[in-house]
Amino acid sequence: MKFSSFVAIPALAALAHAHGFPQSFTINAVNRIAHTIPGQGYPAYDPMNDPWQPHAPKVNRPIADDGPLYSKDDPNLTCNKVGTNTPAEMTADAAPGSEIIVKWNRWPSDHKGPVVTYAKYCGPGHDDCNNVPAITDAWFKIDEAGYDANTGQWASDQLIAQDVSWTFNLPPAGHIAQGSYLIRHEIIALHSQGAPQFYPHCIQIYVTGGTGGLDGQNVSIPGTVYSNPGDDGTLYGSIYGAAVSTMSIPGPSLAAGAISNAYSKRDDALSQLNLDQLTALLKQSGNEAVMQAQPVSRRRHHAAAAH
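With the sequence shown counted from 1, adding 834 to any position gets you my numbering.
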């Protein structure tokens, strides 16, 4: 069987970079330990093949390759190269409070750092994010995890340990409005002191049934969200020194109602959730009721990850 040269070139590029990018997304998952609602799976945009091959529509904005962005002021910092000004090929529906699972194709173990997720409202229409360039303000942080001094692990270490996957939740119905959103998921690699590497990816989602609105501190990306006044090492210092436990996660505090996971882990209490109770709650007005049934420990952000 013969392969044309334009297929071989992307394959070589993949070997040359060997960083990582999202491979798939699972949306609308609820309590995946108990397998209550497995969610809808979507393949992610593949920069090594999709530009040259016919493919099914993808829910994330296209990217040029699996390499990083290096500048905190790069205009592509919003949704990566290509994706900052190019919409996704489709928009996925998601209920308020639902889980989104991002499965990466790989991640190098030495590229340690935090994992952060933002959301930006595009408008009430189903495909309004198609008309919104990503370089704008009003990004709200809905999930974050950094360094855990108790385990000596970064969020990126846990992502690798969890089958190169990361799970976060949309805010519940009372804290998010119905409409279209850009969801910006990012790993920040800190293995080179003072020279962070950014790996942002944007998903286009239409939230069904929300009754509130994103609330809290919002930021522009790029902008002061990634600045480090005084260069004191609290954002981009050495991850191999004693000061690692004092390094901060870039960006604002979490939005109101955000359900941030400690390292995206499912704790044991979730697997013991009363399924009869969960089934009854699912018959009510949406996923907000489901989230209210989850243990407090599931919703609480790990203090070590935030500082």
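We treat Cβ as the ideally placed atom computed from N, Cα and C, and that holds for glycine.
Item	Value
Within 8 Å, do at least three Cβ pairs link the region 898-908 to the region 978-994?	no
Take His1025 and list the residues in its own chain whose beta-carbon comes closer than 7 Å to its own, dropping the five residues that flank it on each side.	Asp944, His945, Lys946 and Ile1073
Can you give me the C-alpha to C-alpha distance between Phe1032 and Gln1012, rounded to a whole angstrom?	30 Å
Return the bridge partner residues of Trp1000 from the DSSP annotation.	Val936
Is there contact between the region 1047-1056 and the region 916-932, where contact requires at least three CB pairs shorter than 8 Å?	no
Report the CB separation of Pro896 from Tyr879 in whole angstroms; it is logged as a contact under 8 Å.	5 Å
So the alpha helix (DSSP H) Ala989 belongs to, where does it begin and stop?	Ala989 to Ala995
Report back the beta-carbon spacing between Pro1005 and Ala1089 to the nearest angstrom; my notes put them in contact at under 8 Å.	6 Å
With DSSP collapsed to three states, give me the class of Ser1142.	This structure does not reach residue 1142, given that the chain is present from 835 up to 1141, and the question cannot be answered.
Which one of Ile1083, Thr1058, Ala1007 and Gly875 has the shortest CA to CA distance from Ala972?	Thr1058
Which residues in the same chain have their Cβ closer than 8 Å to the Cβ of Gln1106, if we skip the five residues on either side of it in sequence?	Because Gln1106 carries a pLDDT of 30, less than 50, the predicted location of this residue cannot be relied on, and the following value inherits that uncertainty. Nothing meets the Cβ criterion.
In this structure, how does DSSP classify Ser858 when only helix, strand and coil are distinguished?	strand
Let me confirm a value: Thr918 is counted as buried when at least 16 other C-beta atoms fall within 10 Å, else exposed. Which label applies?	buried
Give the list of continuous beta strand (DSSP E) stretches no shorter than 3 residues that lie fully inside the region 891-969.	926-928, 933-938 and 949-957
Based on Cα-Cα distance, which residue from Pro891, Ile976 and Pro881 lies nearest to Glu1020?	Ile976
So is Gln1027 buried or exposed if we call it buried at 16+ other beta carbons inside 10 Å?	exposed
If contacts are defined as beta-carbon pairs under 8 Å, then Tyr1015 and Cys956 qualify, I think. What distance do you get, rounded to the angstrom?	6 Å
Could you compute how far the alpha carbon of Met924 sits from the alpha carbon of Asp961?	8 Å
Taking the straight line between their C-alpha atoms, what separation do you get for Tyr1060 and Pro967?	19 Å
Hey, would you say Val1041 sits closer than 9 Å to Pro1086, going by beta carbons?	no
Which ranges does the beta strand (DSSP E) cover as unbroken runs of at least 3 residues, wholly within the region 1029-1063, from first to last along the chain?	1031-1045
Among the candidates Gly1071, Trp941 and Gln1038, whose CA atom is the shortest distance from the CA of Pro856?	Trp941
Roughly how many whole angstroms lie between the Cα atoms of Thr806 and Gly959?	There is simply no residue 806 to check, as the chain begins at 835 and stops at 1141 in what is shown.
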